[in-house]
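Peer 1:
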Amino acid sequence: MLRLGQVIPGGGFALGIVFFYLSLLIFLPLGAFVLYASGMSGESFIRQVTDYRMVHGYMLSFACALAAAVINAVFGLLLAWVLVRYDFPGKRLMDGLIDLPFALPTAVAGIALTTLYVENGWLGQFFYAAGIPSAFSAVGITIALIFVGIPFVVRSVQPVLRDLDGSLEEAAAIMGAGKFLTFRKVIFPELITPLISGFALAFARGIGEYGSVVFIAGNMPYETEIAPLLIMTKLEQFDYQAAAAVAIVMLGMSLLVLLILNGYQHYRLQRLGA
Numbered sequence: 077m078l079r080l081g082q083v084i085p086g087g088g089f090a091l092g093i094v095f096f097y098l099s100l101l102i103f104l105p106l107g108a109f110v111l112y113a114s115g116m117s118g119e120s121f122i123r124q125v126t127d128y129r130m131v132h133g134y135m136l137s138f139a140c141a142l143a144a145a146v147i148n149a150v151f152g153l154l155l156a157w158v159l160v161r162y163d164f165p166g167k168r169l170m171d172g173l174i175d176l177p178f179a180l181p182t183a184v185a186g187i188a189l190t191t192l193y194v195e196n197g198w199l200g201q202f203f204y205a206a207g208i209p210s211a212f213s214a215v216g217i218t219i220a221l222i223f224v225g226i227p228f229v230v231r232s233v234q235p236v237l238r239d240l241d242g243s244l245e246e247a248a249a250i251m252g253a254g255k256f257l258t259f260r261k262v263i264f265p266e267l268i269t270p271l272i273s274g275f276a277l278a279f280a281r282g283i284g285e286y287g288s289v290v291f292i293a294g295n296m297p298y299e300t301e302i303a304p305l306l307i308m309t310k311l312e313q314f315d316y317q318a319a320a321a322v323a324i325v326m327l328g329m330s331l332l333v334l335l336i337l338n339g340y341q342h343y344r345l346q347r348l349g350a
């Protein structure tokens, strides 16, 4: 069996650098809050993470992140389709604006979204007229998570869609397949894996998002308090053990969801390879 250094010169050194940076950026921080939480007794840990206020924060964070990720999966696919398949004035500008949530500071995004979606805001007035409170509610939280998550889906699907073999669509058209059937049978199966990747990234970002959500949420206890806000509240109270306990629960739930999605992707790739 060939070693890494025999295949890639300097591969062993590069692998060591990778593990070094992973340790600094991921393993040590994770180990730190596990260490903080380990100072609590089992009973105290369970009491902290199962407090009703905490449970409501988990449910709100995951529900809004899931809703935003589903919406982003649909509209992110449509955006990627338009950017790849059509030419129109301002296309490059629109393509560049997709990455705006990456560049914009999250606090700035949160203030801007709150200004737009409050009751007398440019967009919020239409929501409130329809009886939908778009700010200081779960709807507002979901809107903020849609804003920060949409680039993940678009940038995951866009390159795959661009590199699709056009001859397959031509063959389907020659055989009499309509546009919808061609999309469903030829194009969409190729996009499922990147679409799931984009969905998972948007969902993971939404679970831990704080800056763009904290302003539009309103932060009302038992109503619009997200789990990251509860962690920050514990940190401000210098209750590091409780903050670490909540963070561990959030991490565990996030990892479980990501493992399920990655497992499905692996299963699908194996099935296609077979």
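Quick note on numbering: the sequence shown equals residues 77 to 350 in the numbering used here. From the three backbone atoms N, C-alpha and C, an ideal C-beta is built for every residue, glycine too.
#1: With 16 as the cutoff for other CB atoms within 10 Å, does Gly81 come out buried or exposed?
#2: Do Ser213 and Thr300 have their CB atoms nearer than 8 Å?
#3: Is Ser288 near Phe228, with beta carbons less than 8 Å apart?
#4: Go ahead and pull the three-state DSSP assignment for Val150.
#5: Would DSSP call Ile263 helix, strand or coil?
#6: Near Gly216, which residues of its chain fall below 7 Å by C-beta distance, leaving aside the five closest residues on each side in sequence?
#7: I'd like to check one pair, Ser232 with Pro270: are the Cβ atoms closer than 8 Å?
#8: Distance, Cα to Cα, Gly197 vs Tyr298?
#9: Identify whether Phe314 lies in helix, strand or coil by the three-state DSSP scheme.
#10: With respect to the alpha helix (DSSP H) encompassing Met170, which residues constitute its N-terminal and C-terminal limits?
#11: Please classify Gly115: does DSSP put it in a helix, a strand, or coil?
#12: Can you tell me the Cβ-Cβ gap for Gln234 and Val160, rounded? I've got them flagged as a contact below 8 Å.
#13: Return the chain-ordered list of same chain residues with a C-beta closer than 6 Å to the C-beta of Ser273, the five sequence neighbours on each side being excluded.
#14: Leaving aside the five residues before and after Val236 along the sequence, list all residues of the same chain whose C-beta is less than 7 Å from its C-beta, in chain order.
#15: Look at the Cβ atom of Cys140, then the Cβ atom of Leu257, and state whether they are nearer than 8 Å.
#16: Cα separation between Ile147 and Leu153?
#17: Report buried or exposed for Leu277, applying the criterion of at least 16 other Cβ atoms within 10 angstroms of its Cβ.
#18: Which two residues bound the contiguous alpha helix (DSSP H) that contains Glu245?
#19: Specify the secondary structure class of Leu199 as computed by DSSP and reduced to three states.
#20: Which value, in whole angstroms, describes the spacing of the CA atoms of Asp241 and Tyr128?
#21: List the endpoints of the continuous alpha helix (DSSP H) containing Val194.
#22: Between which residues of its own chain and Val125 is the CB-CB distance below 7 Å, once the five residues before and five after are set aside?
#23: Would Ile226 pass as a contact of Pro177 if the rule is Cβ separation under 8 Å?
#24: With H, G and I counted as helix, E and B as strand and the rest as coil, what does DSSP make of Tyr286?
#25: Report all residues from its chain with a CB closer than 7 Å to the CB of Arg238; omit the five preceding and five following residues, and keep chain order.
Peer 2: Working from what's here:
#1: Since pLDDT at Gly81 reaches only 49, below the 50 mark, its modelled position is unreliable, and no value is offered.
#2: For Ser213 and Thr300, yes; Cβs fall inside 8 Å.
#3: Annotated as distal: Ser288 and Phe228, with beta-carbon spacing of 8 Å or more.
#4: Here Val150 carries a helix assignment [DSSP, helix/strand/coil].
#5: Of the three classes helix, strand and coil, the one that applies to Ile263 here is helix, per DSSP.
#6: Excluding residues within five positions, the ones whose Cβ falls inside 7 Å are Tyr193, Ser210, Ile292, Ala293.
#7: Their beta carbons are under 8 Å apart, which means Pro270 touches Ser232 by this criterion.
#8: Taking the straight line from one Cα to the other gives about 25 Å.
#9: Phe314: coil per DSSP, three-state reduction.
#10: Segment 167-173, the alpha helix (DSSP H) holding Met170.
#11: Residue state, collapsed to three classes: coil.
#12: About 6 Å separates the beta carbon of Gln234 from that of Val160, a gap short enough to meet the 8 Å contact definition.
#13: These residues qualify, in order along the chain: Ser232.
#14: Excluding sequence neighbours, Val236 sits near Glu266, Leu267, Pro270.
#15: No. Outside cutoff.
#16: Each residue's Cα considered, the two are about 10 Å apart.
#17: Residue burial annotation: Leu277 is buried, with at least 16 other C-beta atoms found within 10 angstroms of its C-beta.
#18: Counting along the chain, Glu245 sits inside the alpha helix (DSSP H) bounded by residues 242-250.
#19: Leu199 falls in the coil class under three-state DSSP.
#20: Near 52 Å, if we compare the C-alpha coordinates of Tyr128 and Asp241.
#21: From DSSP, Val194 is part of no alpha helix (DSSP H); its letter is neither H nor E.
#22: Same-chain partners within the cutoff: Ala321, Val322, Val325.
#23: With a cutoff of 8 Å on beta-carbon distance, Ile226 and Pro177 are scored as near each other.
#24: Coil, per DSSP.
#25: Hits under 7 Å: Val160.
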